[in-house]
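**Q**
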Amino acid sequence: MSATATEPILQVRNLSTCFKTDLGVVTAVDDVSFDLHAGETLGIVGESGCGKTVTSKSIMRLLPSHLSFQKPESQVLFGGQNLCTASEEEMRRVRGDKIAMIFQEPMTSLNPVFKIGWQLDEALRYHTDLDRAGRRARAVEMLRLVEMPEPERRVDEYPHQLSGGMRQRVMIAMALCCEPDILIADEPTTALDVTIQAQILDLMNGLKEKLDTAIVLITHDLGVVAQVCDRVMVMYAGRVIESAGVHEVFHSPRHPYTQALLESIPKSGAREHGKRLPTIPGIVPSLTELPHGCRFQDRCAYKEERCVESEPALETSGGRSHRCHFPLGGER
Amino acid sequence: MSQAPVTDRAATDSALLEVRDLVMHFPVRGGVLNRVVAKVHALNGVSLDVRRGETLGIVGESGCGKSTLGKCLIRLLSPTSGSIRYGEEELVGLGHRDLMPHRKRMQMIFQDPYSSLNPRLTVREALREVAAFHQISPPFGLDAYVEELIQKVGLRVDAADKFPHEFSGGQRQRIGIARALACQPEFLVADEPVSALDVSIQAQVLNLLMDLKEEFGLTLVFVSHDLKVVEHFCDRVLVMYLGSVVEELDCRRLHEDARHPYTRALLGANPINDPADRRPLTVLEGDVPSPFDLPPGCAFAGRCPEVQERCRRERPSLEEKAGGGPVACWEVGPPSDPQGPRVAK
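Chains as they are written, first to last, in this note's numbering: chain A, 1 to 332; chain B, 333 to 677.
Now the structure itself:
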């Protein structure tokens, strides 16, 4: 756990990202705000289409500019700079060096025609003034840091020669080779087996302790969140619907969606065996046809008239926030 | 955790499927003459019984042969050798034509419902095709039958005339299930049916499978990499590693009974959904050996924390051992410590 009293290294304020589609402008991320502190792991959870990946790509400004735009009030404050209005040149200095990203699919995010060493070298070439030998030594050192077996040999191999877990380790090594302040990991273990996932999570935890890196972990796996995150932000249909410390989210969720999500995971043990799982009825609303009022209303077990009339605002108290007219109280 | 007796609900029932020494090798061809240059050893002598009415889980990591086993069971693949007895019939060695009458009795649900549905057929056409091919003649006509099926899997009747691309992932999986049920099978193999779905949708589909199993008296083989889902959903589970079954367990006593080091590593690597219960995840060293060239001893020996000299020389077979289910390990003797890796607080 890191100190929360210090100044956050990343402040996201009212971030709204819109896409131009055939059906009109769609707001995929709607008014998202959060702080990130050094050495902290923030989990962003939610189902597909809730806006978690778009949030991370908006911070990195990796979305296609001819299809998407950010609303003018959006602010991503990092190092005294608003990344939403930074020039492409300034962004290039931030990306990879200060803020790095790990993508979900290591196979498609590595370039198949270049050796591992070349791909690690790319960021070092741009962001450091090391010479060729120095960069290669650094690349090998990074591979060793991510516990890649035989790094001296692997550095001269192509991505297809590596297993899925090793490719993901290369991705992490690439992201870390300039010692970024912030690491954004978008579903870093989703495509991997559990034993490999355990290795990668272990590795990320170790790096956080060694380098004091702040991590934004985007995932839909609540088990992973429970094991590695300090704070959790739950998103639904583009909105942050709950944000709190990991213990609070798991043990006393305020938003009915958070509660329902937690209940729908299969539980371990003979008592629960073979029972029907509590489910959330229906599906996530389409962003083009959002209901008036609360976005979760059609699936909510506690829906009342007020939920249809107006959308609840994000209420913050005691270090946690929720977006619900009738928040769940007390311990479960 | 309550101490449920280790009795199988279906133990007294007869076996629907008896599989013995199933071997599946995929030839790899190469060179100028396109000769067989290597073999992928996907299944190396798997024996199992599927009991009537049970849900049998098969877990393991990618490449362990669990999907291959699933496909062999319903003869989508022709095993290299071994035997699959389905009731009185031997399935291995049957040709395409001879298999036809059995196809009606066993069906498969695939992981990705989108790539397994024909994009040019509406749901109605797809389901009608199955029913018509297998000569199902429902009393009120095929259309009524198809509509009833669609409602059974929790979709609205107006879904019948839509195309697969008009549905969400969870809805498509429901269509995949309806398609599998359209020929009224008694045996289903579900290959990772919920892996591609979101948590809340996953629960819906699992509940649906549970209901349908009850209603139609199905026997289910559930192939998955997700031990949490299998533990909740299945009666028994087979843990596979590199083409062999290493342990068989009762899902109600998974954590207590797990004795094979690989099963325990799998359990230990699964993150628990409770931030108050944080512990270092079990991290295995080393990588899975190549399926082209199997090691002489135990396949897990290279990564096993309890490896002994004997493990590298001789391959253990799946044997019944006191205090748990059958397990393939030289080192397992007495029942495991009940305060095993995952139960301990």
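Here a beta-carbon is modelled for each residue, glycine too, at the ideal position from N, C-alpha and C. Just so we're clear, the structure is a prediction, and the values are computed from it rather than from any experiment.
Assign N450 (chain B) to buried or exposed, taking buried as 16 or more other Cβ atoms, counted over all protein chains shown, within 10 Å of its Cβ.
**A** That one is exposed.
**Q** What is the DSSP secondary structure of R239 (chain A), counted as helix, strand or coil?
**A** R239 (chain A) falls in the strand class under three-state DSSP.
**Q** Buried or exposed: where does D353 (chain B) fall if 16 or more other Cβ atoms within 10 Å of its Cβ makes it buried?
**A** With fewer than 16 Cβ atoms within 10 Å of its Cβ, D353 (chain B) is classed as exposed.
**Q** If L63 (chain A) and T17 (chain A) are in contact, beta carbons under 8 Å, what's the gap, nearest whole angstrom?
**A** With a Cβ gap of about 7 Å, L63 (chain A) and T17 (chain A) count as contacting.
**Q** Taking DSSP as the reference, what is the three-state secondary structure of L201 (chain A)?
**A** Helix at L201 (chain A).
**Q** Whose Cβ in chain B lies nearer than 9 Å to the Cβ of A28 (chain A)?
**A** Within chain B, no residue comes near A28 (chain A); the closest Cβ sits about 17 Å away, beyond 9 Å.
**Q** Restricting to Cα atoms, I'd like to know which of A:L314, A:T288, A:P278 and A:L287 is closest to C300 (chain A).
**A** Selected option, being the one with the closest Cα: A:P278.
**Q** Pull up the CB-CB distance for A175 (chain A) and M235 (chain A), whole angstroms please, since I reckon it's below 8 Å.
**A** Actually they do not touch by this definition, with Cβ atoms about 23 Å apart.
**Q** Is K20 (chain A) helix, strand or coil by DSSP?
**A** In the structure shown, K20 (chain A) sits in a strand (DSSP, three-state: E or B).
**Q** With DSSP run on the structure shown, which of helix, strand or coil describes E365 (chain A)?
**A** Here chain A covers residues 1 to 332 and nothing more, so residue 365 (chain A) does not appear.
**Q** Which residues in the same chain as T344 (chain B) place their Cβ atom closer than 7 Å to its Cβ, once the five residues preceding and following it in sequence are excluded?
**A** No answer about T344 (chain B) holds up, because its pLDDT of 45 lies below 50 and its placement is not dependable.
**Q** Here's the rule: buried if 16 or more other CB atoms are within 10 angstroms of the residue's CB, otherwise exposed. What is P149 (chain A)?
**A** Flag for P149 (chain A) reads exposed.
**Q** If you scan the stretch 373-450 of chain B from start to end, which runs of the alpha helix (DSSP H) of 4 or more residues do you find wholly inside it?
**A** Taking only runs of at least 4 residues, the alpha helix (DSSP H) segments lying wholly in the stretch 373-450 of chain B are 398-405 and 428-435.
**Q** Output the distance between the C-alpha atoms of F442 (chain B) and I509 (chain B), rounded to the nearest integer angstrom.
**A** Looking at the two C-alpha atoms, the distance is approximately 9 Å.
**Q** Report all residues from its chain with a CB closer than 8 Å to the CB of D35 (chain A); omit the five preceding and five following residues, and keep chain order.
**A** If we look at D35 (chain A) and ignore the five residues flanking it on each side, its Cβ neighbours are P8, L10, Q11 and V12.
**Q** Go through its chain and collect everything with a Cβ distance to C229 (chain A)'s Cβ below 7 Å, but skip five positions before and after it.
**A** For C229 (chain A), where only same-chain residues beyond five positions count, the Cβ hits under 7 Å are T41, L42, G43, L217 and V246.
**Q** Taking the alpha carbon of F358 (chain B) as the point to measure from, which residue in B:V369, B:H373, B:G425 and B:E350 has its own alpha carbon closest?
**A** Among B:V369, B:H373, B:G425 and B:E350, the Cα nearest to that of F358 (chain B) is on B:H373.
**Q** Kindly indicate which three-state DSSP category R320 (chain A) falls into: helix, strand or coil?
**A** R320 (chain A) falls in the strand class under three-state DSSP.
**Q** Could you spell out the range, first to last residue, of the beta strand (DSSP E) harbouring R568 (chain B)?
**A** Here the beta strand (DSSP E) through R568 (chain B) covers R568 to Y573.
**Q** Note down, in chain order, every chain A residue with its Cβ under 9 Å from the Cβ of P445 (chain B).
**A** Simply none; closest approach about 15 Å.
**Q** Please state whether DSSP places V526 (chain B) in a helix, a strand or coil.
**A** Of the three classes helix, strand and coil, the one that applies to V526 (chain B) here is coil, per DSSP.
**Q** Going by DSSP, name the residue or residues bridged to R13 (chain A).
**A** Paired residue(s): A:Q75.
**Q** Under the assumption that K494 (chain B) contacts V537 (chain B) (Cβ atoms under 8 Å), give the Cβ distance between them as a whole number of angstroms.
**A** That belief does not hold up - the Cβ atoms of K494 (chain B) and V537 (chain B) are roughly 19 Å apart, past 8 Å.
**Q** To the nearest angstrom, how far is it from the Cα of C583 (chain B) to the Cα of V146 (chain A)?
**A** Each residue's alpha carbon lies about 35 Å from the other.
**Q** Excluding the 5 residues flanking E335 (chain A) on each side, which residues of the same chain have their C-beta closer than 6 Å to its C-beta?
**A** In the structure as shown, chain A begins at 1 and stops at 332. Residue 335 (chain A) is therefore absent and cannot be evaluated.
**Q** Runs of 4 residues minimum, wholly inside the stretch 132-188 of chain A: which ones carry the alpha helix (DSSP H) assignment?
**A** List check, alpha helix (DSSP H) in window: 132-145, 151-154 and 164-176.
**Q** Mapping the DSSP letters down to three states, classify P359 (chain B) as helix, strand or coil.
**A** Strand, per DSSP.
**Q** Give a yes or no on whether 8 Å exceeds the smallest Cβ distance from F548 (chain B) to chain A.
**A** Output row for F548 (chain B): interface = no.
**Q** Take the Cβ of G49 (chain A) as the centre, count every other Cβ of all protein chains shown within 10 Å, and call the residue buried at 16 or more, exposed below.
**A** Buried, by the Cβ-count rule.
**Q** So with Cβ pairs under 8 Å, would you call C661 (chain B) a contact of chain A?
**A** No, C661 (chain B) does not count as interfacial toward chain A.
**Q** Compare the C-beta of E7 (chain A) with all C-beta atoms of chain B and state if any pair is closer than 8 Å.
**A** Cβ-Cβ to chain B under 8 Å: no for E7 (chain A).
**Q** Nearest-angstrom Cα distance between P593 (chain B) and E651 (chain B)?
**A** So the alpha carbons of these two residues sit roughly 15 Å apart.
**Q** Which of the three DSSP states is assigned to T108 (chain A) in this structure?
**A** Three-state result, T108 (chain A): helix.
**Q** Kindly list, in the order they appear in chain A, the residues whose Cβ is closer than 9 Å to that of G603 (chain B).
**A** It should be noted that the sequence gives Pro, not Gly, for residue 603 (chain B). Simply V194, Q197, A198, L201, D221, L222, G223, V224, V225, A226, Q227 and V228.
**Q** Check the DSSP bridge columns for R352 (chain B) and list the partner residues they point to.
**A** According to DSSP, R352 (chain B) bridges with B:S415.
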